[in-house]
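Trainee: Counted the way the working numbering counts, the sequence shown spans residues 14 to 150.
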Amino acid sequence: MDTSALRNGPIPVPLIAAVALVWLGCAAPTLAVNANTYPELPGPTLKLGREVWLGTCAVCHTDDFSGAPQVTDLHAWQPRIDKGKEILYTQALKGFFGPKGTQMPARGDNPKLSDQEVKAAVDYMVALVVALNSKAE
Ligand code: HEC
14 MDTSALRNGP IPVPLIAAVA LVWLGCAAPT LAVNANTYPE LPGPTLKLGR
64 EVWLGTCAVC HTDDFSGAPQ VTDLHAWQPR IDKGKEILYT QALKGFFGPK
114 GTQMPARGDN PKLSDQEVKA AVDYMVALVV ALNSKAE
């Protein structure tokens, strides 16, 4: 059997590029959101929630064009918060259309998220709205 193909060659270029990308991770341009803008909040649920939220939810909830209530907009959130967490959880899990036809997709369009992850993201978003808006006083 010819084993020449199994010889160790030079390190393949894609591998070097991948390592460099990880290395430069902090300098790489952020996509939609700058994670530093949204503070870590105390407790394991909010820690998980922040990760989920940054990964899936922030793209709409920090972009006015999406029609989603923005985390900086307490007026948009207050009536929703007043409905109670259980309703917010259900709306986030199942998705819904608002009165103006804007859609909150089920699980933020990320079916891989567990119920627990979606609920943690709701918890983080509500806590974030309160935190961001109490600072602005
Ligand atoms: C594709 C855009 C988009 C993504 C991604 C998204 N949302 Fe939304 N979300 C919306 C829109 C639009 C609304 C407002 C719908 C309306 O009331 O008109 C909304 C509303 C909500 C509400 C308010 C519910 C209520 O009863 O008023 C919650 C809670 C929420 N989203 C949670 C989340 C969570 C958690 C995630 C991530 C897992 C997420 N969203 C990702 C677009 C999005």
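By construction, the Cβ of each residue, glycine as well, lies at the ideal position given by its N, Cα and C atoms.
Note that the coordinates shown come from a computational prediction; the quantities given were computed from them, not determined experimentally.
DSSP three-state label for Q129, please.
Mentor: Q129 falls in the helix class under three-state DSSP.
Trainee: Verify whether the separation of the beta carbon atoms of K132 and Y102 is less than 8 Å.
Mentor: In this structure, Y102 lies closer than 8 Å to K132 by Cβ.
Trainee: So, for V142: in the same chain, excluding its five sequence neighbours on each side, which residues have a beta-carbon less than 7 Å away from its beta-carbon?
Mentor: Closer than 7 Å at Cβ, skipping near neighbours: V84, L87, W90.
Trainee: Counting along the chain, where does the alpha helix (DSSP H) carrying D76 start and finish?
Mentor: Here D76 belongs to no alpha helix (DSSP H), and DSSP marks it neither H nor E.
Trainee: Tell me whether Q83 sits in a helix, a strand or coil according to DSSP, three-state version.
Mentor: If DSSP states are grouped into helix, strand and coil, Q83 belongs with coil.
Trainee: With the cut-off set at 8 Å, would you say P118 and G108 are in Cβ contact?
Mentor: For P118 and G108, yes; Cβs fall inside 8 Å.
Trainee: Whole angstroms is fine: what's the gap from T69's alpha carbon to P55's?
Mentor: Cα to Cα, T69 sits roughly 20 Å from P55.
Trainee: In angstroms with no decimal places, state the Cα-to-Cα distance between A140 and G114.
Mentor: Using only the alpha carbons, I get a separation of about 26 Å.
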